[in-house]
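In UniProt numbering, the protein residues as written are 1 to 372.
Ideal Cβ placement from N, Cα and C applies to all residues, glycine included.
Here is the structure we will look at.
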C-alpha cells in the first residue's frame, strides 16, 4: 500500500465519457510535438514555407490521433492493457492513418487551395504519416501498459497492507481479552460479587464489539464509545481507583479512524500507569483538530497521572525489531499508523511534568494530502 491511506471514498466519473477524455488530453502535447517535429523535418528536407507544412501535419495528425487513441480505449474495455488485442490493433492504426489522410486532404484543399495527395507530396506524405502513426501508436501502447502495470502494483500493495492491518487488529483483541480474563481470575478469589459484575460487563462488551461486522474504518465517535465500554469494564475491577474522562468535540465525531487505534494506549495507561501505584488515578482521552484547510491534522491523546515512564526504560523506537509485552500495544499502534499514513503520522510518548504519561497520535485529517 502506498504510505498514505485515507478512508475509501468511492469516486465515479460524472459521465461515461470522463474516463475517455482524460487520456486523450494527456496525449495532446505529445501529438502536437510530433506534428511540429514532422513540420521541421519536412521543411529542412524540402525548402518551403513552414506554415503550409505545419497545417498539413496538424490536419493529418489530429484526426489520426483521435481515431487511434479513442479507438484503443474503446476497443480495449475490460482488458488488462488499454490496447486492442490481436488484429484489431494494427487495423485501428491503419484506420487512423486513412482517416487522417482523408481529412487532411479535404481540409488542405479548402484552406490552402491545392490537394495534399498528389504529385511529389504523395509519397512523402504517405511515408511520414505511416511513420508518425506507428511512433504515436507505440507510445500510446507502452504508456498505457506502464500505467496499467502501475495500477496493478498499487492494488497489490494496497491489498497486502490491508491484510497486514487486519492481522494487527486481530492480534489486539485477543491481547485485550487475555489481560481482562487474567484480571477477572484474580478478582474471583478476592471479590466474587464484583467478579460477577465484571463478567457481565465483559459479555456485554464483547457482544457489542465482536458481534458487529468487521470494518476497516469506523467513526471517531464509535472509537470513543468502545473506549467508554472498555473503561467501564475496567472500572468494575478497579472500583474508585479508576476515574476517566473522554473529550470528543462534536465536530470531530464523524471523522473516520481505524478500529482499536486508541485502546492499546488506554490499556497501557491502566496496566503501567495506574495499577502500579496506590490510590485513585485519572485517564483522559482527548481529540483535537490542529490547523485548518490542507494542513489540518487530528490529534488523539491518552493521558494518565500514574507512575510515568521509568527513566531507564525509554519508549521503543519505531523500527525496534522485538519488544517486550510492555510495549506490545505501542508497537501495534506504530505499525498500523505506518501502514495507514506512512511518515505523515506520529506517535509520541512522554512524561507529564505533573506526573504520569501522555501518548499522542497525530495524523492528517481525511481529505488532506500530506507531503510524503
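Buried versus exposed call for residue i [16 or more other C-beta atoms within 10 Å across all chains shown]
i, result
"residue 245", "exposed"
"residue 292", "exposed"
"residue 287", "buried"
"residue 304", "buried"
"residue 79", "exposed"
"residue 283", "buried"
"residue 343", "exposed"
"residue 140", "buried"
"residue 267", "buried"
"residue 186", "exposed"
"residue 127", "exposed"
"residue 10", "For residue 10, the predicted structure reports a pLDDT of 36, less than 50, and the residue's modelled location is therefore unreliable. A value from the coordinates is still provided. It is exposed - the Cβ of residue 10 has fewer than 16 other Cβ atoms within 10 Å."
"residue 156", "exposed"
"residue 238", "buried"
"residue 26", "exposed"
"residue 181", "exposed"
"residue 101", "buried"
"residue 151", "exposed"
"residue 134", "exposed"
"residue 212", "Its pLDDT being 46, under 50, residue 212 is placed unreliably by the model, and nothing is read from it."
"residue 325", "In this predicted model, residue 325 has a pLDDT of only 46, less than 50, meaning its place in the structure is not dependable; the value taken from the coordinates is given anyway. The residue is exposed, with fewer than 16 neighbouring Cβ atoms inside 10 Å."
"residue 279", "exposed"
"residue 319", "A caution first: residue 319 carries a pLDDT of 42, below 50, which makes its placement in the model too unreliable to give a value."
"residue 37", "exposed"
"residue 357", "buried"
"residue 260", "buried"
"residue 251", "exposed"
"residue 347", "buried"
"residue 190", "exposed"
"residue 146", "exposed"
"residue 295", "exposed"
"residue 336", "buried"
"residue 33", "exposed"
Beta-bridge partners of residue i, as assigned by DSSP
i, result
"residue 304", "283 and 357"
"residue 364", "297"
"residue 290", "297"
"residue 256", "219"
Range covered by the alpha helix (DSSP H) that runs through residue i
i, result
"residue 223", "220–238"
"residue 106", "88–112"
"residue 263", "263–268"
Closest Cα partner of residue i within the set the options
i, options, result
"residue 222", "359, 180, 336 and 263", "263"
"residue 341", "351, 258 and 267", "258"
"residue 229", "239, 206 and 250", "206"
"residue 103", "65, 134 and 75", "65"
"residue 365", "224, 110, 345 and 197", "345"
"residue 227", "148, 240, 248 and 238", "248"
"residue 105", "131, 57 and 76", "57"
"residue 39", "98, 132 and 136", "132"
"residue 285", "204, 150, 225 and 279", "225"
"residue 334", "265, 276 and 180", "265"
"residue 107", "54, 255 and 183", "54"
"residue 297", "255, 110, 32 and 137", "255"
"residue 204", "231, 217, 349 and 191", "231"
"residue 77", "110, 148, 142 and 52", "148"
"residue 272", "179, 193, 295 and 336", "179"
"residue 99", "71, 75, 110 and 112", "71"
"residue 242", "31, 260 and 276", "276"
"residue 240", "261, 194 and 251", "194"
"residue 30", "75, 90, 41 and 143", "143"
Segment limits, beta strand (DSSP E) that includes residue i
i, result
"residue 350", "346–351"
"residue 246", "242–247"
Within 7 Å, strictly: CB atoms of residue i and residue j
i, j, result
"residue 197", "residue 153", "no"
"residue 309", "residue 351", "yes"
"residue 202", "residue 253", "no"
"residue 68", "residue 86", "no"
"residue 62", "residue 129", "no"
"residue 84", "residue 92", "yes"
"residue 270", "residue 234", "yes"
"residue 330", "residue 306", "no"
"residue 302", "residue 338", "no"
"residue 289", "residue 362", "no"
"residue 138", "residue 52", "no"
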